[in-house]
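Only one structure is covered here, and it is reproduced in the block below.
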Amino acid sequence: QQPVQSPQAVILREGEDAVINCSSSKALYSVHWYRQKHGEAPIFLMILLKGGEQKGHDKISASFNEKKQQSSLYLTASQLSYSGTYFCGTLSSNTGKLIFGQGTTLQVKP
Amino acid sequence: DTAVSQTPKYLVTQMGNDKSIKCEQNLGHDTMYWYKQDSKKFLKIMFSYNNKELIINETVPNRFSPKSPDKAHLNLHINSLELGDSAVYFCASSQETKPYEKLFFGSGTQLSVL
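Protein chains in written order, with this note's numbering: chain A, 1 to 110; chain B, 111 to 224.
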């Protein structure tokens, strides 16, 4: 079952904040976040394991609420380099079958 | 050195042809994957191999056949290409198939079937 991301698209000015949400209908082992720039490969951002932990990577952080089967990605003081499509991927078992959401396109303008 | 490399980067071919995409990783990882990304950017897993053994085989047409000669290589052969096969195909690898292992993606192969 594919996780659902919201919003589908976001347009920001440099320095503004954004939140991208990811919801699953299945119990999750972990949530993965990737960013893909146009014409390039997806690049790993972070993994969150069940336990409600929050992680950070520079000014990008994420949380995982395993009871609600939801994760949120927080982008603070966005930079032009943050532009791209963000994918959440969910693992509902330990089979390694990472299922990606439909993606959220983020555009940061000067 | 590129961690996960795919060839070719672009593949343009006619319907009905057979083509192959090659993938190699130099990270020493045990697990490799093929993902398909369609025009709507939907990334869908197709296959996964762990130490040359097939562990994930999604509902992919039999025309698609992965082959892993060793754990550093995972190739994808496609028979009788159809228009709907047009997409970007990404190879990826991870250390193991555990919930906390990150994927390293290749740069993708843009397949266009005419």
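Ideal Cβ positions, reconstructed from N, Cα and C, are used throughout, including at glycine.
From which residue to which residue does the beta strand (DSSP E) around B:ASP180 run?
Position 70 of the second sequence, counted from the start, is the residue given in the question as residue 180 of chain B. For B:ASP180, the enclosing beta strand (DSSP E) stretches over residues 174-180.
Using beta-carbon positions only, say whether A:SER30 and A:THR104 come within less than 9 Å of one another.
In the first sequence, counting from the first residue as 1, residue 30 of chain A sits at position 30. In the first sequence, counting from the first residue as 1, residue 104 of chain A sits at position 104. Contact: no.
Under a three-way DSSP split, which group does A:LEU23 fall into?
As a working mapping, residue 23 of chain A is identified with position 23 in the first sequence. Note on identity: in this sequence residue 23 of chain A is Ser, with Leu being the wrong assignment. Reduced to three states, the DSSP call for A:SER23 is strand.
Determine, for B:LYS146, whether the minimum Cβ-Cβ distance to residues of chain A falls below 9 Å.
Within the second sequence, numbered from 1, the residue matching residue 146 of chain B stands at position 36. For B:LYS146, the answer is no, since every Cβ of chain A falls outside 9 Å of its Cβ.
Distance check for B:ASN127 and A:GLU66, CA to CA, integer angstroms please.
Taking the first sequence and counting its residues from 1, one reaches residue 66 of chain A at position 66. Taking the second sequence and counting its residues from 1, one reaches residue 127 of chain B at position 17. If I take the Cα positions, the gap works out to 46 Å.
Among all the DSSP beta bridges, which residues are the ones paired with B:SER217?
By one-based count along the second sequence, residue 217 of chain B stands at place 107. Residue pairing for B:SER217: DSSP places it in no beta bridge.
To the nearest angstrom, how far is the alpha carbon of B:TYR145 from that of B:SER217?
Along the second sequence, one-based indexing puts residue 145 of chain B at 35. Along the second sequence, one-based indexing puts residue 217 of chain B at 107. Taking the straight line joining both Cα atoms gives about 12 Å.
Are there three or more Cβ pairs, one per stretch, closer than 8 Å when the region 129-142 of chain B is compared with the region 181-199 of chain B?
A contact exists between the region 129-142 of chain B and the region 181-199 of chain B.
Mapping DSSP to helix, strand and coil, what is A:SER6?
On the first sequence, residue 6 of chain A is found 6 positions in, with the first residue counted as 1. A:SER6 falls in the strand class under three-state DSSP.
Using a Cβ-Cβ distance cut-off of 9 Å, determine whether A:PRO42 contacts chain B.
As a first step, residue 42 of chain A is located in the first sequence; it is residue number 42 there, counting from the start. Residue contact check for A:PRO42 against chain B: a CB pair falls below 9 Å.
Name the DSSP beta bridge partners of A:SER30, please?
For this step, residue 30 of chain A is matched to residue 30 along the first sequence. BP columns for A:SER30 point to A:LEU49, A:LEU91.
Reference B:LEU224, options B:SER149, B:ARG173, B:SER196, closest by Cα
The count along the second sequence starts at 1 and reaches residue 224 of chain B at position 114. The residue with the shortest Cα to Cα distance from B:LEU224 is B:SER196.
Is it buried or exposed for B:TYR199, if we count other Cβ within 10 angstroms and need 16 for buried?
Position 89 of the second sequence, counted from the start, is the residue given in the question as residue 199 of chain B. Answer is buried; the Cβ neighbour count reaches 16.
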